[in-house]
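Q: For the sequence shown, numbering that gives the first Met the number 0 begins at 0 and goes up steadily by one.
Even glycine gets a Cβ: it sits at the ideal position worked out from N, Cα and C.
Note that the coordinates shown come from a computational prediction; the quantities given were computed from them, not determined experimentally.
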Amino acid sequence: MSAIHLIRLGNVVELCLDNPAQMNAISAPMLGQLAAYLEVIDRDTTIAAVMLTATGDRAFCTGADINGWGDLSPAEFARHWVRDGHRIFDRLARLGKPTIAVLNGHAFGGGLELAAACDVRVMATGASLALPEAGVGIVPGWSGTQRLMRLMPEAMVKEMALFGQRIKSDRALACGFVAAVGDDPRASALALLERAVALSPRAIEISKSMIHAAQGEDRAAMVEALGSAAIAASTDRDEGVASFREKRKPEFSGN
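(1) Applying the criterion that 16 or more other CB atoms from any shown protein chain within 10 Å of the CB defines a buried residue, is residue 246 buried or exposed?
(2) Are there 16 or more other CB atoms within 10 angstroms of the CB of residue 96, so buried, or fewer, so exposed?
(3) Could you tell me the distance, in whole angstroms, from the CA atom of residue 109 to the CA atom of residue 222?
(4) Alpha carbon to alpha carbon, how far is residue 115 from residue 174?
(5) Which residues bound the alpha helix (DSSP H) around residue 251?
(6) Does the beta-carbon of residue 130 have 16 or more other beta-carbons within 10 angstroms, so that it is buried, or is it exposed?
(7) Counting only the same chain and skipping the five closest in sequence on each side, list residues whose C-beta sits under 7 angstroms from that of residue 10.
(8) Which one of 55, 170, 180 and 163 has the shortest CA to CA distance from residue 151?
(9) With a threshold of 16 other CB atoms inside 10 Å of the CB of residue 13, please say whether the residue is buried or exposed.
(10) Tell me which residues share the same chain as residue 165 and place their Cβ nearer than 6 angstroms to its Cβ, disregarding the 5 neighbours each side in the sequence.
(11) Three or more beta-carbon pairs under 8 angstroms between the stretch 143-161 and the stretch 201-211, yes or no?
(12) Can you find a heavy atom of the ligand MG that lies under 7 angstroms from the Cβ of residue 90?
(13) Quick test of your reading: residue 182 and residue 100, contact by CB under 8 angstroms. State the CB separation rounded to the nearest angstrom.
(14) Give me the DSSP bridge partner(s) of residue 167.
(15) For residue 93, which of helix, strand or coil comes out of DSSP?
(16) Can you have a look at residue 121 and say buried or exposed, based on whether 16 or more other CB atoms are within 10 angstroms of its CB?
(17) Can you give me the C-alpha to C-alpha distance between residue 163 and residue 133, rounded to a whole angstrom?
(18) When the Cα of residue 60 is compared with those of 17, 155 and 98, which residue comes out closest?
(19) Should residue 65 go down as buried or exposed, given a rule of 16 or more other Cβ atoms within 10 Å for buried?
(20) For residue 187, count neighbouring C-beta atoms within 10 Å of its own C-beta (all shown protein chains included) and say buried if the count is 16 or more, exposed if not.
(21) Please classify residue 254: is it buried, with 16 or more other beta-carbons within 10 angstroms of its beta-carbon, or exposed?
(22) Could you pull out every residue in the same chain whose Cβ sits closer than 6 angstroms to the Cβ of residue 137, ignoring the five residues on either side in sequence?
(23) Please name the residue in 88, 90, 104 and 228 whose C-alpha comes closest to that of residue 202.
(24) Apart from the five residues on each side of it in sequence, which residues of its chain come closer than 7 angstroms, Cβ to Cβ, to residue 192?
(25) Between 30, 185 and 135, which lies nearest to residue 89 when the distance is taken from Cα to Cα?
Structural data, given as structure tokens:
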């Protein structure tokens, strides 16, 4: 049965895709699990970072399970399957904690889009990337034509989406899409995470928000979140709340 498992590794959480019969393809229940886990992770201050992994060594994720969407009506496909997946992947991308995808094997379609939603990716030497959607008569629907364009050269995205070309690990490393390539990508990820968890969680969160705002990843929300965080530390905010509760006119100091 397909699932995503949440595993605690101290102050790091591992989210492991487990659908080996379908090469870790993402099913509807897995999407729901991912959404629920992200809400828990976001609010748990004891969690410092997230590592996304998958069972086996053949594939990280070969995309969306065709059994989950193949029989949907056009309206259901667009309104629910595509939009829900897009929303959940966006939630992962905007998580306030550092995230690493461990590409132990091939990352195709939705699997590549899932990896792209993480902050950093490490990749097994023999793994490859692809956008094979056109081969089954659909298009990338979980940010493959959008977020990937900010992370990879346009020509490379077109190679995958328009020509069915697979991108090998050496090219993924050369263009900066992955941070490291090797025989043990999990070890590379853990080494990076060890560095991340030693840093200030709040500084990481703010830095990530600033970087995302610069590249247009939910810029409006990021700007308002940063502004709200700054005003929340002011005495004017405290005075405003106190005066409201005491039903009196506020006396703002500008501090």
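A: To lay it out plainly:
(1) exposed
(2) With 16 or more Cβ atoms within 10 Å of its Cβ, residue 96 is classed as buried.
(3) Whole-angstrom Cα-Cα distance: 29 angstroms.
(4) 14 angstroms
(5) Counting along the chain, residue 251 falls outside any alpha helix (DSSP H), and DSSP gives it neither H nor E.
(6) buried
(7) 45, 46, 47 and 196
(8) 170
(9) A buried status is given to residue 13, since no fewer than 16 other beta-carbon atoms sit within 10 Å of its beta-carbon.
(10) 127 and 129
(11) no
(12) The ligand MG is absent from the structure shown, which contains no ligand whatsoever.
(13) Contact doesn't hold; Cβ gap of about 17 angstroms is too wide.
(14) 127
(15) coil
(16) buried
(17) 8 angstroms
(18) 17
(19) exposed
(20) By the neighbour-count criterion, in which 16 or more other beta carbons inside 10 Å mark a residue as buried, residue 187 falls on the buried side.
(21) exposed
(22) none
(23) Of 88, 90, 104 and 228, the residue nearest in Cα terms is 228.
(24) 11, 48, 50 and 99
(25) 30
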